[in-house]
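Numbering (this note's numbering), first residue to last: 133 to 285.
Glycine is no exception: its CB is placed at the ideal position from the N, C-alpha and C atoms.
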(Lines of atoms letter the chains of each structure in order from A; the text may use other names.)
(Lines give C-alpha, C1' and ligand atoms only; values in the text may rest on other atoms or scores of the structure.)
Protein backbone atom coordinates (compact mmCIF):
# COMPACT_ATOMS: atom_id res chain seq x y z
CA UNK A 133 0.00 0.00 0.00
CA UNK A 134 2.80 2.42 0.88
CA UNK A 135 4.48 1.55 -2.44
CA UNK A 136 1.30 2.42 -4.39
CA UNK A 137 0.91 5.71 -2.53
CA UNK A 138 4.53 6.59 -3.21
CA UNK A 139 4.24 5.75 -6.90
CA UNK A 140 1.01 7.76 -7.19
CA UNK A 141 2.63 10.78 -5.53
CA UNK A 142 5.69 10.44 -7.74
CA UNK A 143 3.46 10.24 -10.84
CA UNK A 144 1.56 13.37 -9.77
CA UNK A 145 4.83 15.24 -9.25
CA UNK A 146 6.14 14.00 -12.60
CA UNK A 147 2.92 15.03 -14.40
CA UNK A 148 2.90 18.54 -12.95
CA UNK A 149 6.63 19.19 -12.80
CA UNK A 150 8.29 22.06 -14.62
CA UNK A 151 11.60 20.33 -15.29
CA UNK A 152 12.48 17.17 -17.15
CA UNK A 153 9.87 17.64 -19.88
CA UNK A 154 12.17 16.21 -22.57
CA UNK A 155 12.26 12.93 -20.66
CA UNK A 156 8.61 13.20 -19.61
CA UNK A 157 7.59 13.22 -23.28
CA UNK A 158 9.51 9.97 -23.80
CA UNK A 159 8.73 8.27 -20.47
CA UNK A 160 5.42 9.70 -19.20
CA UNK A 161 4.85 6.97 -16.60
CA UNK A 162 7.02 6.54 -13.53
CA UNK A 163 8.28 3.09 -12.70
CA UNK A 164 10.73 1.44 -10.35
CA UNK A 165 12.29 -0.31 -13.33
CA UNK A 166 15.10 1.84 -14.71
CA UNK A 167 15.26 2.64 -18.42
CA UNK A 168 17.99 0.60 -20.07
CA UNK A 169 19.71 3.66 -21.49
CA UNK A 170 23.42 4.18 -21.73
CA UNK A 171 25.14 7.39 -20.68
CA UNK A 172 25.09 8.52 -24.31
CA UNK A 173 21.35 7.89 -24.59
CA UNK A 174 20.77 9.96 -21.47
CA UNK A 175 22.90 12.79 -22.85
CA UNK A 176 20.98 12.73 -26.11
CA UNK A 177 17.52 12.57 -24.53
CA UNK A 178 18.19 15.35 -22.02
CA UNK A 179 20.30 17.49 -24.34
CA UNK A 180 22.87 17.72 -21.52
CA UNK A 181 25.79 16.61 -23.58
CA UNK A 182 28.42 17.91 -25.97
CA UNK A 183 25.86 20.10 -27.71
CA UNK A 184 26.47 23.80 -28.28
CA UNK A 185 22.84 24.49 -27.33
CA UNK A 186 23.56 23.08 -23.85
CA UNK A 187 27.05 24.50 -23.42
CA UNK A 188 25.69 27.92 -24.39
CA UNK A 189 23.74 28.04 -21.12
CA UNK A 190 27.13 28.15 -19.35
CA UNK A 191 28.58 30.64 -21.83
CA UNK A 192 31.11 28.05 -22.94
CA UNK A 193 30.26 28.15 -26.65
CA UNK A 194 27.87 29.75 -29.08
CA UNK A 195 24.72 27.67 -29.48
CA UNK A 196 25.30 27.63 -33.24
CA UNK A 197 26.93 24.70 -34.99
CA UNK A 198 29.74 25.50 -37.41
CA UNK A 199 27.28 24.81 -40.23
CA UNK A 200 25.13 27.76 -39.06
CA UNK A 201 22.16 25.95 -37.48
CA UNK A 202 21.30 25.64 -33.80
CA UNK A 203 23.52 22.90 -32.34
CA UNK A 204 20.99 20.78 -30.46
CA UNK A 205 20.67 16.97 -30.35
CA UNK A 206 18.06 16.82 -33.11
CA UNK A 207 20.29 18.85 -35.44
CA UNK A 208 23.25 16.51 -35.05
CA UNK A 209 21.11 13.39 -35.30
CA UNK A 210 19.22 14.48 -38.43
CA UNK A 211 20.68 17.35 -40.43
CA UNK A 212 24.26 18.45 -39.67
CA UNK A 213 26.62 17.71 -42.57
CA UNK A 214 29.41 16.99 -40.04
CA UNK A 215 27.47 14.00 -38.65
CA UNK A 216 25.98 12.63 -41.87
CA UNK A 217 27.06 9.03 -41.22
CA UNK A 218 25.09 9.05 -37.92
CA UNK A 219 21.83 10.53 -39.26
CA UNK A 220 18.32 9.35 -38.55
CA UNK A 221 15.42 10.41 -40.77
CA UNK A 222 14.37 13.92 -39.78
CA UNK A 223 10.80 13.88 -38.46
CA UNK A 224 8.18 16.56 -38.93
CA UNK A 225 7.81 18.89 -35.95
CA UNK A 226 4.80 16.99 -34.61
CA UNK A 227 6.64 13.66 -34.81
CA UNK A 228 9.85 14.68 -33.05
CA UNK A 229 8.86 12.90 -29.82
CA UNK A 230 8.18 9.73 -31.80
CA UNK A 231 11.75 9.90 -33.11
CA UNK A 232 13.10 10.14 -29.56
CA UNK A 233 10.97 7.21 -28.44
CA UNK A 234 11.83 4.98 -31.38
CA UNK A 235 15.56 5.74 -31.24
CA UNK A 236 15.77 5.17 -27.50
CA UNK A 237 13.75 1.95 -27.60
CA UNK A 238 15.72 0.32 -30.44
CA UNK A 239 19.06 -1.30 -29.59
CA UNK A 240 20.66 -0.66 -33.01
CA UNK A 241 19.55 2.98 -32.93
CA UNK A 242 21.03 3.39 -29.43
CA UNK A 243 24.34 1.99 -30.72
CA UNK A 244 24.29 4.50 -33.58
CA UNK A 245 23.41 7.23 -31.11
CA UNK A 246 26.30 6.21 -28.87
CA UNK A 247 28.67 6.52 -31.82
CA UNK A 248 27.25 9.97 -32.59
CA UNK A 249 27.80 11.18 -29.02
CA UNK A 250 31.33 9.74 -29.03
CA UNK A 251 32.08 11.56 -32.28
CA UNK A 252 30.72 14.84 -30.92
CA UNK A 253 32.76 14.45 -27.74
CA UNK A 254 36.01 13.50 -29.45
CA UNK A 255 35.77 16.02 -32.30
CA UNK A 256 34.05 18.89 -30.51
CA UNK A 257 36.18 21.58 -32.15
CA UNK A 258 34.68 20.66 -35.52
CA UNK A 259 31.14 21.43 -34.39
CA UNK A 260 31.40 24.32 -31.94
CA UNK A 261 31.91 28.00 -32.48
CA UNK A 262 33.61 30.22 -29.88
CA UNK A 263 31.42 31.80 -27.15
CA UNK A 264 31.51 35.24 -28.76
CA UNK A 265 30.00 33.97 -32.04
CA UNK A 266 26.46 35.00 -32.86
CA UNK A 267 23.82 32.92 -31.10
CA UNK A 268 20.52 31.67 -32.46
CA UNK A 269 18.57 33.86 -30.05
CA UNK A 270 18.65 37.56 -29.34
CA UNK A 271 18.69 37.07 -25.59
CA UNK A 272 21.62 35.77 -23.62
CA UNK A 273 21.23 32.53 -21.68
CA UNK A 274 20.21 32.95 -18.09
CA UNK A 275 22.21 31.10 -15.51
CA UNK A 276 23.87 31.87 -12.21
CA UNK A 277 27.25 31.22 -13.78
CA UNK A 278 26.37 33.74 -16.48
CA UNK A 279 25.42 36.39 -13.95
CA UNK A 280 28.66 35.83 -12.08
CA UNK A 281 30.67 36.19 -15.29
CA UNK A 282 28.94 39.48 -16.09
CA UNK A 283 29.81 40.84 -12.66
CA UNK A 284 33.45 39.97 -13.23
CA UNK A 285 33.67 41.94 -16.49
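Counting C-beta pairs closer than 8 Å gives three or more between the region 158–176 and the region 243–256, which meets the contact rule. Looking only at 253, 166, 221, 179, the smallest Cα-Cα distance to residue 152 is reached by 179. Of all C-beta pairs linking the region 135–152 to the region 162–170, three or more are shorter than 8 Å, placing the two stretches in contact. The beta carbons of residue 202 and residue 211 sit no closer together than 8 Å. With respect to the 8 Å criterion, residue 218 and residue 239 are not classified as neighbours on the basis of their beta carbons.
Beta-bridge annotation (DSSP): residue 196 is paired with 202.
Short of 6 Å from the beta carbon of residue 231, and not among the five residues preceding or following it, lie these beta carbons of its own chain, in chain order: 223.
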